[in-house]
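Below is one structure, written out as structure tokens; comments come after it.
2 protein chains.
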Amino acid sequence: MTTLSEFGGIAATEIRARATMRDVAALAGVGIKTVSRVVNGEPGVSAAMIERVQRAAGELNFIPDFTAGSLRRSVRRSNSVGLVLASVDNPFCAAIHRAVEDVAAERGVAVFAASTDEQPQREKDLVAAFSSRRVDGLIISASGVDQNYLNPELQTGTPVVMVDRPPVGIDVDTVLVDNLAGAKGATNHLLRAGHRRIACLGDLPTIATASQRRAGYLRALADAGVPTDDRLLGEGLHDIDAAFRAVHRLLCEEDPPTALFTSQNLVTIGAIRALRSLGLQHEVALVGFDDFPLADLMDPAVTVVAQDPTAIGRVAAERVFARLEGDTAPPRQIVLPTQLITRGSGEIRPHHGATRGAAADG
Amino acid sequence: MTTLSEFGGIAATEIRARATMRDVAALAGVGIKTVSRVVNGEPGVSAAMIERVQRAAGELNFIPDFTAGSLRRSVRRSNSVGLVLASVDNPFCAAIHRAVEDVAAERGVAVFAASTDEQPQREKDLVAAFSSRRVDGLIISASGVDQNYLNPELQTGTPVVMVDRPPVGIDVDTVLVDNLAGAKGATNHLLRAGHRRIACLGDLPTIATASQRRAGYLRALADAGVPTDDRLLGEGLHDIDAAFRAVHRLLCEEDPPTALFTSQNLVTIGAIRALRSLGLQHEVALVGFDDFPLADLMDPAVTVVAQDPTAIGRVAAERVFARLEGDTAPPRQIVLPTQLITRGSGEIRPHHGATRGAAADG
DNA sequence: TTGAAAGCGCTAACAT
DNA sequence: ATGTTAGCGCTTTCAA
Chain A
1 MTTLSEFGGI AATEIRARAT MRDVAALAGV GIKTVSRVVN GEPGVSAAMI
51 ERVQRAAGEL NFIPDFTAGS LRRSVRRSNS VGLVLASVDN PFCAAIHRAV
101 EDVAAERGVA VFAASTDEQP QREKDLVAAF SSRRVDGLII SASGVDQNYL
151 NPELQTGTPV VMVDRPPVGI DVDTVLVDNL AGAKGATNHL LRAGHRRIAC
201 LGDLPTIATA SQRRAGYLRA LADAGVPTDD RLLGEGLHDI DAAFRAVHRL
251 LCEEDPPTAL FTSQNLVTIG AIRALRSLGL QHEVALVGFD DFPLADLMDP
301 AVTVVAQDPT AIGRVAAERV FARLEGDTAP PRQIVLPTQL ITRGSGEIRP
351 HHGATRGAAA DG
Chain B
1001 MTTLSEFGGI AATEIRARAT MRDVAALAGV GIKTVSRVVN GEPGVSAAMI
1051 ERVQRAAGEL NFIPDFTAGS LRRSVRRSNS VGLVLASVDN PFCAAIHRAV
1101 EDVAAERGVA VFAASTDEQP QREKDLVAAF SSRRVDGLII SASGVDQNYL
1151 NPELQTGTPV VMVDRPPVGI DVDTVLVDNL AGAKGATNHL LRAGHRRIAC
1201 LGDLPTIATA SQRRAGYLRA LADAGVPTDD RLLGEGLHDI DAAFRAVHRL
1251 LCEEDPPTAL FTSQNLVTIG AIRALRSLGL QHEVALVGFD DFPLADLMDP
1301 AVTVVAQDPT AIGRVAAERV FARLEGDTAP PRQIVLPTQL ITRGSGEIRP
1351 HHGATRGAAA DG
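Here the protein sequences line up with chains A and B, keeping their order. Residues in the first sequence are numbered from 1 upward in steps of one, following my numbering. Residues in the second sequence are numbered from 1001 upward in steps of one, following my numbering.
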């Protein structure tokens, strides 16, 4: 693999310090300001000068230090934004990330992305890290319960946009999905199919989206006059395994639910695995909040309440840049709609008294 | 949503310029260097001074400008790295991203991530953008055919590590997967199940991984003395739709394959959709290169050659930091193994002469 | 049209 | 233990 030759441990290609504007100016025999003008495409430089400077810059492989420049620039921008997500590795977050990147790239802005793993302290640490790098704006999916710590940052005029979860303690632009309506719609869909024993399986109620989805579920039941049953309310389900265990237990108990509403991606997948392990995937109905790749290729295909993470990311990034371009209107809360996508699992009708593999429609 | 009051369009909370070390020094009534020492935890400051400076810094919400500092620092680091991927939104890339982030975070290093969409020009533009922000290192999954453009960057001593695809024109640390062995293993697996007409469906042969996987497929056939058939070689399949169409056509032609080797994630999914649309998912065997979420929940579950993107990202990041910490050994090529995960689709035995829904085992 | 000098926020080197 | 000065690479200001 080593094709470039080496002599006594010293690489054939010497490490050369990076060329500066001064170096380019010296080589071209001009003033440093002329180089600056050429590099930045400022007017008022003769064609001959431009040619001469560009030749020198090319020879030295000069790449201007953007951050050094912005130290003195009047409109001081780092041309970077910070993106704080649950995990860059999560499909929902990754879609937001990509959308943010696309909007930023149009403006020559680079994106720092980082993951909190839902740890409030990490959220703060990341914001501090981005802040000390003087990002022009922040897009944050909150992990902590309180975003008070952002106040100093806000006072400097740095735009902050919250995504997916509403902020607490600060008043900033926010891009959310209508979790309550989506959850209500999902539950109504199951009620319409004839279900009366519908379980709601969700994440920690301290997570705003989880509690809103739960509220939507409860609202739908109440509106339909269907009594709630605490045994059908699962909480604190954070990953696939926890969801699997909770659903498995639920279905093996007395008087199990005939339908499941799972309020989050990973919970949905855990539920599918539990249903399969009991052979109940065609008996017990399932509607999940949040779409996921290949949901349509499952057996049965999975009915979901789809969000549009790309739209969330795009709108959030647009808010950041609007603020940077001078928008001083009061903070806005933008609520994006959800969409119920029926694929099969949510249209299964209730199988009364069936614990496993049983029959008889309601 | 607007809870903070406004007066005549002027926010109640005035925008205050960010505090500088000088401001803190003035408020604390000390020299600027003392502030620097306290902020950076340097020794040789009395407890009383530390207390006084910290109070002033807190009062002004002082956050040091890291980039300004590194301008003068002897070991000049931005404490950031650039990550250039096909798309941050792709599960394989996102897993690499997360692993890089984790290694970087341990060192207080932030990650710029960006997507090329396989466009060579974008690859160059992104490297230039990161370069002008003086990233300490670069991790790149090549989209272009040639990485010569990185030479100036390399001359400055910036560590560059290539991931997933080998570099052309430069000699740097590289983290790859054993594509040839993996593809050969997948093909052998199908041969062992009795298949003789095995199609190979891949991406553009200009993509190194695609051509290596194809080579592995051909090698396996040659070793087994099975003649190749050009009609069974699909190329240039970039997305799910293209793969769907190619596989659909292939299976509807005369003398269709009894097994498929798909050399990439999206191609595998396109193939699954095509098989399903023809009702052949239980007749035609399938082994895909690259694992994907829920592959085990498909019907049939999908046999794959799994890569470990987390390991790729981790190892790549570790190489970058090893170089930054002074490792001057010749560039290394690190080849990570693949793993055949049998789940069902790859163990289907050949159904001779079957075009759709037919029977009779071989 | 061109360039010299000052200074952005910070650290290094050198006082005190 | 604390402070002063110069200077990182660039842009701004202002002069030529």
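All C-beta atoms, glycine included, are put in the ideal place defined by N, C-alpha and C. Since the model is a prediction, treat every value here as computed from it, not as a measurement.
Listed in chain order, the non-local C-beta contacts of Asp1229 (chain B) below 8 Å within the same chain comprise Arg1197, local neighbours out to five positions each way being set aside. In the structure shown, the three-state DSSP call for Phe244 (chain A) is helix.
In terms of Cα proximity to Ile170 (chain A), the closest of A:Asn265, A:Arg332 and A:Phe292 is A:Arg332. Residue state for Ile1015 (chain B) is assigned as coil, using DSSP reduced to three classes. Of the candidates A:Leu324, A:Ala186, A:Thr174 and A:Leu218, A:Ala186 places its Cα closest to the Cα of Leu340 (chain A). The beta-bridge partner set that DSSP reports for Cys200 (chain A) consists of A:Leu233 and A:Phe261. Close to Pro1256 (chain B), with beta-carbon spacing below 8 Å, lies no residue of chain A; the smallest spacing is near 22 Å. If you look at Gly182 (chain A), you'll find it in the alpha helix (DSSP H) that goes Asn179 to Arg192. In the three-state DSSP reduction, Asp1173 (chain B) falls in the strand class (E or B). DSSP places Ala306 (chain A) within a strand segment (E or B) once states are collapsed to three. Taking all protein chains in view, the Cβ of Val1103 (chain B) is crowded by 16 or more other Cβ atoms within 10 Å, so the residue is classified as buried. Any Cβ of chain B closer than 9 Å to the Cβ of Glu347 (chain A) would place that residue at the interface, and such an atom is absent.
Among the residues of the stretch 55-72 of chain A, those with a Cβ less than 7 Å away from any Cβ of chain B are Asn61, Ile63, Pro64, Asp65, Phe66, Thr67, Ala68 and Leu71, in the order of the chain.
With a cutoff of 9 Å on beta-carbon distance, Glu101 (chain A) and Ser1131 (chain B) are scored as not near each other. For Asn188 (chain A), the nearest beta carbon of chain B is not closer than 9 Å to its own beta carbon. Arg98 (chain A) is classed as buried because its beta carbon has at least 16 other beta carbons within 10 Å across all chains shown. Contact of Glu1101 (chain B) with chain A by beta-carbon distance below 8 Å involves Val88, Ala113, Ala114 and Ser115. For Met162 (chain A), the secondary structure class from DSSP, reduced to helix, strand or coil, is strand.
The Cβ atoms of Leu1336 (chain B) and Gly1137 (chain B) do not sit closer than 9 Å to each other.
By alpha-carbon distance to Arg122 (chain A), the top candidate from A:Ser143, A:Val111 and A:Ile139 is A:Ser143. Rounded to the nearest angstrom, the Cβ distance from Thr1258 (chain B) to His1195 (chain B) is 5 Å, consistent with a contact under 8 Å. With respect to the 9 Å criterion, Pro205 (chain A) and Arg214 (chain A) are classified as neighbours on the basis of their beta carbons. Per DSSP, reduced to three states, the secondary structure at Phe1092 (chain B) is helical.
Listed along chain B is no residue with a C-beta nearer than 7 Å to that of Arg165 (chain A); the closest approach is about 14 Å. When the Cα atoms are used, Ala1329 (chain B) and Leu1150 (chain B) turn out to be separated by approximately 19 Å. For Ser345 (chain A), the closest of A:Thr310, A:Val284 and A:Ile334 by C-alpha to C-alpha distance is A:Val284. In this structure Leu1250 (chain B) does not touch Cys1200 (chain B) by the C-beta definition: roughly 11 Å separates them, more than the 8 Å allowed.
Distances from the CA of Val1226 (chain B) to each of B:Asn1188, B:Arg1245 and B:Ser1211 were compared; the closest alpha carbon is that of B:Asn1188.
Within the same chain, and ignoring the five residues on either side of Leu1266 (chain B) in sequence, the residues whose Cβ sits closer than 7 Å to its Cβ are Asp1239, Ile1240 and Ala1243. Look at Ile1207 (chain B) here: in three-state DSSP terms it is coil, with no helix or strand label. Counting along the chain, Gly288 (chain A) sits inside the beta strand (DSSP E) bounded by residues Ala285 to Phe289. What Leu204 (chain A) touches in chain B, judged by beta-carbon distance under 7 Å, is nothing: the nearest beta carbon there is about 22 Å away.
Chain-ordered, the chain B residues with CB closer than 9 Å to the CB of Pro91 (chain A) read Asp1089, Pro1091, Ala1094 and Pro1293.
With the criterion set as a beta carbon lying under 9 Å from some beta carbon of chain B, the members of the stretch 131-157 of chain A are Ser131, Ser132, Arg133, Arg134, Asn151, Pro152, Glu153, Leu154, Gln155, Thr156 and Gly157, in sequence order. In the structure shown, His97 (chain A) falls within a helical segment according to DSSP collapsed to helix, strand and coil. In terms of Cα proximity to Ile1269 (chain B), the closest of A:Gln281, A:Asp296 and A:Gly279 is A:Asp296.
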